[in-house]
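Each remark here refers to the structure printed beneath this line.
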Amino acid sequence: MIGRIFEMFVSVQGEGILAGEQMLFVRFSGCNLNCDYCDTEECRHAISGRLLTHEEIIREIEDMLAQNPSVGTVSFTGGEPLLQSELIAELTQYLKEKKIKIYVDTNGTLCDKFANIASNVDCVAMDIKLPSASGGMEFWEEHKKFLLSACENIFVKIVLTSKTTVDEFKKAVEMVERVNNLIPFVMQPVTPIKKVDGILPENLERFKKIAEKRLKKVSIIPQMHKKWGIK
Ligand code: SF4
Numbered sequence: 004m005i006g007r008i009f010e011m012f013v014s015v016q017g018e019g020i021l022a023g024e025q026m027l028f029v030r031f032s033g034c035n036l037n038c039d040y041c042d043t044e045e046c047r048h049a050i051s052g053r054l055l056t057h058e059e060i061i062r063e064i065e066d067m068l069a070q071n072p073s074v075g076t077v078s079f080t081g082g083e084p085l086l087q088s089e090l091i092a093e094l095t096q097y098l099k100e101k102k103i104k105i106y107v108d109t110n111g112t113l114c115d116k117f118a119n120i121a122s123n124v125d126c127v128a129m130d131i132k133l134p135s136a137s138g139g140m141e142f143w144e145e146h147k148k149f150l151l152s153a154c155e156n157i158f159v160k161i162v163l164t165s166k167t168t169v170d171e172f173k174k175a176v177e178m179v180e181r182v183n184n185l186i187p188f189v190m191q192p193v194t195p196i197k198k199v200d201g202i203l204p205e206n207l208e209r210f211k212k213i214a215e216k217r218l219k220k221v222s223i224i225p226q227m228h229k230k231w232g233i234k
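This is how it looks when you write it as structure tokens:
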């Protein structure tokens, strides 16, 4: 089995409910979306990065874990890692045997591919992609299907920009509520990039109140790694 890996590195998780935890990141090349606020553009092309066999990837993971013995979690990120779910399935099998925890960061549009690895994953960070940041594209059905397939170990992350509308935000909240109102719901104010501006603090507060009316576990967590000045 071979695949495209953009980079591998050890750092501290900067997003979501596990922010602050040291992890080994495996960043896959390629993505099926084109979000306005993407901060990993260089890895979105399917031919970026290195072509590696799963044995080569495992060897590099082993070396990095040996150098960083306190790291107990491997994060599969991208790009969109689930585009290479067969490769991830090979890697997760090995990692599970070694008792390493597995974290997957996904755009939540490839539910069928997630099925290949679902039973081995310890935590899924699923983005809800709003039309205001995806060139008008909607993924409600895909997101709902994904949430239903993984609701035990999943949290959702929703990036909020100056263009986020109340209507689409409410739709996202209602979708999560219909699946399970206990799913952690992380509101992530965008780190301004290119032509994407940050959400106003008063709007962030207003959105939080909307979410809290329907969901039990709502939090606001910015991209902490950007604030800490790390990768
Ligand atoms: S899904 Fe992630 S990697 Fe793909 S374009 Fe959107 S932000 Fe970038």
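If you count by the numbering used here, then the sequence shown holds residues 4 to 234, one letter each, in order. Where is the CB? At the ideal position from N, CA and C, for every residue including glycine.
*Looking at R217 and ligand 1, is the gap between the Cβ and the nearest heavy atom below 7 Å?*
What you label residue 217 is simply residue 214 of the sequence shown in a count that begins at 1. Every heavy atom of ligand 1 is 7 Å or more from the Cβ of R217, so no.
*asked:* Following a CB-centred definition, is C41 positioned closer than 7 Å to any heavy atom of ligand 1?
replied: The sequence position of residue 41 within the sequence shown is 38, counting from 1. At least one heavy atom of ligand 1 is nearer than 7 Å to the Cβ of C41, so yes.
*Which value, in whole angstroms, describes the spacing of the CA atoms of F188 and V159?*
Along the sequence shown, read from residue 1 onward, the residue named residue 188 stands at position 185. Along the sequence shown, read from residue 1 onward, the residue named residue 159 stands at position 156. Straight-line Cα distance between these residues: approximately 5 Å.
*Does ligand 1 have even one heavy atom less than 7 Å from the beta-carbon of G52?*
What you label residue 52 is simply residue 49 of the sequence shown in a count that begins at 1. No, since every heavy atom of ligand 1 falls outside the 7 Å radius drawn around the Cβ of G52.
_Pick from D200, I131, S135 that is closest to E179, judged by C-alpha positions_ = Position 176 of the sequence shown, counted from the start, is the residue given in the question as residue 179. Per the sequence shown, residue 179 should be read as Val rather than Glu. Measuring from the Cα of V179, the nearest candidate turns out to be I131.
*Using the beta-carbon count (16 or more within 10 Å), is S32 buried or exposed?*
If you number the sequence shown from 1, residue 32 lands on position 29. Buried, by the Cβ-count rule.
_Between which residues of its own chain and N37 is the CB-CB distance below 7 Å, once the five residues before and five after are set aside?_
In the sequence shown, residue 37 corresponds to position 34, counting from 1. G138.
*Mind checking whether the beta-carbon of N184 lies closer than 7 Å to any heavy atom of ligand 1?*
The sequence position of residue 184 within the sequence shown is 181, counting from 1. No, Cβ of N184 sits at least 7 Å from all heavy atoms of ligand 1.
*By Cβ distance, which residues of its chain are closer than 6 Å to G52, with the 5 residues on each side in sequence left out?*
Within the sequence shown, numbered from 1, the residue matching residue 52 stands at position 49. Once the five neighbours on either side are set aside, the close Cβ partners of G52 are R7, I8, F9, S32.
*Cβ-heavy atom distance between N110 and ligand 1 below 7 Å?*
Within the sequence shown, numbered from 1, the residue matching residue 110 stands at position 107. N110 Cβ: within cutoff of ligand 1.
*Just to confirm, are K104 and G75 a CB contact at a threshold of 8 Å?*
The residue given as residue 104 occupies position 101 in the sequence shown. The residue given as residue 75 occupies position 72 in the sequence shown. Yes, these two residues count as a Cβ contact at 8 Å.
_Relative to the C-alpha of I60, which candidate in S73, D39, C41, R30 has its C-alpha closest?_
Position 57 of the sequence shown, counted from the start, is the residue given in the question as residue 60. Minimum Cα distance to I60 is reached at R30.
_Assuming the contact rule is C-beta atoms closer than 8 Å, L163 and I202 should be a hit. Round their C-beta distance to whole Å, please._
Taking the sequence shown and counting its residues from 1, the one referred to as residue 163 is at position 160. Taking the sequence shown and counting its residues from 1, the one referred to as residue 202 is at position 199. Sure, about 4 Å apart at Cβ, within 8 Å.
_Among the candidates V127, T56, N71, whose CA atom is the shortest distance from the CA of E83?_
What you label residue 83 is simply residue 80 of the sequence shown in a count that begins at 1. Comparing Cα positions, the closest option is V127.
*Exposed unless 16 or more other CB atoms sit within 10 angstroms - verdict on V176*: Translated into the one-based positions of the sequence shown, residue 176 becomes position 173. Looking at its Cβ environment, which holds 16 or more other Cβ atoms inside 10 Å, V176 is buried.
*Q191 beta carbon less than 8 Å from that of I233*: Numbered from its first residue, the sequence shown carries residue 233 at position 230. Numbered from its first residue, the sequence shown carries residue 191 at position 188. No. Outside cutoff.
_Can you determine whether any heavy atom of ligand 1 sits closer than 7 Å to the C-beta of G17, and answer yes or no?_
For the purposes of this step, residue 17 is identified with residue 14 of the sequence shown, where counting begins at 1. No; taking the cut-off as 7 Å, the Cβ of G17 has no heavy atom of ligand 1 nearer than that.
*Which listed residue (P225, S73, W231, V77) has its alpha carbon closest to that of I20*: Within the sequence shown, residue 20 is the residue found at index 17, counting from 1. Ranking P225, S73, W231, V77 by Cα distance to I20 puts P225 first.
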